Amino acid sequence: MKEQIEKFLDHLEFQKRYSEHTIKAYRNDLMAFADYLEVFYELSDPVQVSRRMISSFIADQAETGIAPRSIHRKLSSIQSFYNHGLKEGWVDQNPAKHIQRPKTSKHLPKVMRAEQIDALFSPEQFSDDFEGKRDHALLATLYACGLRRDELIGLKLKDWDESSGQLKVLGKRNKERILPMGEKLIQLIRQYRSERDRLDGLDTDHLFVTSKGQKMYPNLVYTIVKNYLSKVTTMEQRSPHVLRHTFATHLLNEGANLQSIKELLGHASLGTTQVYTHTSLEKLKDVYKNAHPRSKK
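All residue numbers for the sequence shown refer to the working numbering, where the first residue is 22 and numbers rise by one.
#1: In its own chain, which residues sit with a C-beta less than 6 Å from the C-beta of residue 25, not counting the 5 before and 5 after it?
#2: Look at the alpha carbon of residue 232 and the alpha carbon of residue 156, and state the distance between them as a whole number of angstroms.
#3: For residue 197, list the residues DSSP reports as bridge partners.
#4: Taking only the alpha-carbon atoms, compute the straight-line gap between residue 284 and residue 123 and give it to the nearest angstrom.
#5: Distance check for residue 119 and residue 31, CA to CA, integer angstroms please.
#6: According to DSSP, which residues form a beta bridge with residue 227?
#7: Alpha helix (DSSP H) containing residue 262: first to last residue?
#8: Determine the direct distance from the alpha carbon of residue 213 to that of residue 89, and round the result to whole angstroms.
#9: When we look at the beta-carbon of residue 35 and count the other beta-carbons within 10 Å, is it buried (16 or more) or exposed?
#10: In angstroms, rounded to a whole number, what distance separates the CA positions of residue 29 and residue 259?
#11: Name the DSSP bridge partner or partners of residue 247?
#12: Between residue 229 and residue 176, how many whole angstroms is the CB-CB distance? I'm expecting something under 8 Å.
#13: Taking 8 Å as the threshold, find out whether the segment 268-280 comes into contact with the segment 176-187 through three or more Cβ pairs.
#14: What residue from 173, 172, 166 has the CA that sits closest to residue 186's CA?
#15: Measure the alpha-carbon distance for residue 240 versus residue 49 and round it to whole angstroms.
#16: Verify whether the separation of the beta carbon atoms of residue 209 and residue 158 is less than 8 Å.
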């Protein structure tokens with residue numbers, strides 16, 4: 022089974038062009054399933070896997086306290102693995118099809134308030150050296166363009182077009198999109214680049230780099246964002262994705278239509294973007310409760 026899993030992962034990497042992060046998640050899910058089959062059923066042949074065995078695995082995961090969302094992902098990984106098996110012809114049915122998923126609670130995106138964003142980008146928050154200018158431009162790019170962390174890390178110098186005020190972004194599954202940049206963001210990146218280009222040992226064409234002139238890495242971006250957000254909010258979640266959620270919600274609150282926000286975020290479907298309507302609805306509820314004379318009667 023593990024041999025078929027490796028072939029499937031190669032297919033995702035080289036044919037589907039999935040990200041390293043996504044492939045890692047598939048690997049963890051499928052290897053955990055394979056280990057479970059070996060331990061509890063002494064089985065290593067994927068063709069002999071039954072619907073009951075998969076249901077047993079899902080039930081075991083739930084009993085160990087794994088979150089429903091994570092269980093959903095594991096089941097989706099197994100379903101995708103067997104769908105690939107159907108296409109390749111080494112299995113004639115998908116035993117993971119129609120297996121009931123555990124119920125999940127809806128988690129609305131965590132969003133920063135406008136005054137927190139104002140505080141985040143106050144000039145006094147940033148030092149006047151390379152790291153200060155880089156961090157200011159990095160945070161501004163995440164918020165002003167709604168980028169994912171990997172998209173930010175992947176930005177190249179050629180992707181930033183100051184003359185046209187546009188940023189070219191390579192999103193999930195190598196899907197490219199062009200985003201507008203405001204004058205303030207252009208100015209911040211320009212100031213950062215003047216510091217970047219003077220670094221010793223600069224050996225990459227990536228836009229955002231470490232103090233040693235190397236390509237940024239995920240943990241560093243996360244740490245930078247968390248440190249700055251900790252200064253202005255007590256939210257439990259203080260990750261780059263919070264700025265992406267905030268970008269989308271603030272646009273919606275200011276009247277942007279959902280289809281435009283979908284294109285800016287690089288979502289494959291409008292359904293993914295519609296989660297932000299729930300966030301705005303929560304804001305409307307608060308406004309109603311605070312302002313309507315009969316809301317408390």
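The beta-carbon is built from N, C-alpha and C at its ideal position, and this holds for glycine as well.
From a predicted model like this one, the values you see are computed outputs, not experimental measurements.
Short version:
#1: Working through the sequence shown from its first residue, we reach residue 25 at position 4. If we look at residue 25 and ignore the five residues flanking it on each side, its Cβ neighbours are 67.
#2: Within the sequence shown, residue 232 is the residue found at index 211, counting from 1. Within the sequence shown, residue 156 is the residue found at index 135, counting from 1. Residue 232 and residue 156: Cα-Cα distance of roughly 11 Å.
#3: Residue numbering aside, residue 197 sits at position 176 when the sequence shown is read from its first letter. Residue 197 pairs with 191.
#4: Position 263 of the sequence shown holds residue 284. Position 102 of the sequence shown holds residue 123. Pairing residue 284 with residue 123, the inter-Cα distance amounts to about 31 Å.
#5: The residue given as residue 31 occupies position 10 in the sequence shown. The residue given as residue 119 occupies position 98 in the sequence shown. Those two C-alpha atoms are separated by around 26 Å.
#6: Taking the first residue of the sequence shown as 1, we reach residue 227 at position 206. For residue 227, which the question treats as bridged, DSSP gives the partners 177.
#7: Position 241 of the sequence shown, counting from 1, holds the residue named residue 262. Counting along the chain, the alpha helix (DSSP H) containing residue 262 begins and ends at 261-274.
#8: Counted from its first residue, the sequence shown places residue 89 at position 68. Counted from its first residue, the sequence shown places residue 213 at position 192. When rounded, the distance between both Cα atoms is 42 Å.
#9: The count along the sequence shown starts at 1 and reaches residue 35 at position 14. Answer is exposed; the Cβ neighbour count stays below 16.
#10: Walking along the sequence shown from the start, residue 29 turns up at place 8. Walking along the sequence shown from the start, residue 259 turns up at place 238. Inter-residue distance for residue 29 and residue 259 is about 34 Å (C-alpha atoms, whole angstroms).
#11: Stepping through the sequence shown from its first residue, residue 247 is reached at position 226. For residue 247, DSSP records no beta bridge to any residue.
#12: For the purposes of this step, residue 229 is taken as residue 208 along the sequence shown, with counting starting at 1. For the purposes of this step, residue 176 is taken as residue 155 along the sequence shown, with counting starting at 1. The C-beta distance from residue 229 to residue 176 rounds to 6 Å, short enough to fall under 8 Å.
#13: With a cut-off of 8 Å, the segment 176-187 and the segment 268-280 do not count as touching, because too few Cβ pairs lie within range.
#14: Numbered from its first residue, the sequence shown carries residue 186 at position 165. Of 173, 172, 166, the residue nearest in Cα terms is 166.
#15: As a position in the sequence shown, residue 240 is number 219, starting the count at 1. As a position in the sequence shown, residue 49 is number 28, starting the count at 1. About 20 Å.
#16: As a position in the sequence shown, residue 209 is number 188, starting the count at 1. As a position in the sequence shown, residue 158 is number 137, starting the count at 1. Yes, Cβ-Cβ distance for residue 209 and residue 158 is below 8 Å.
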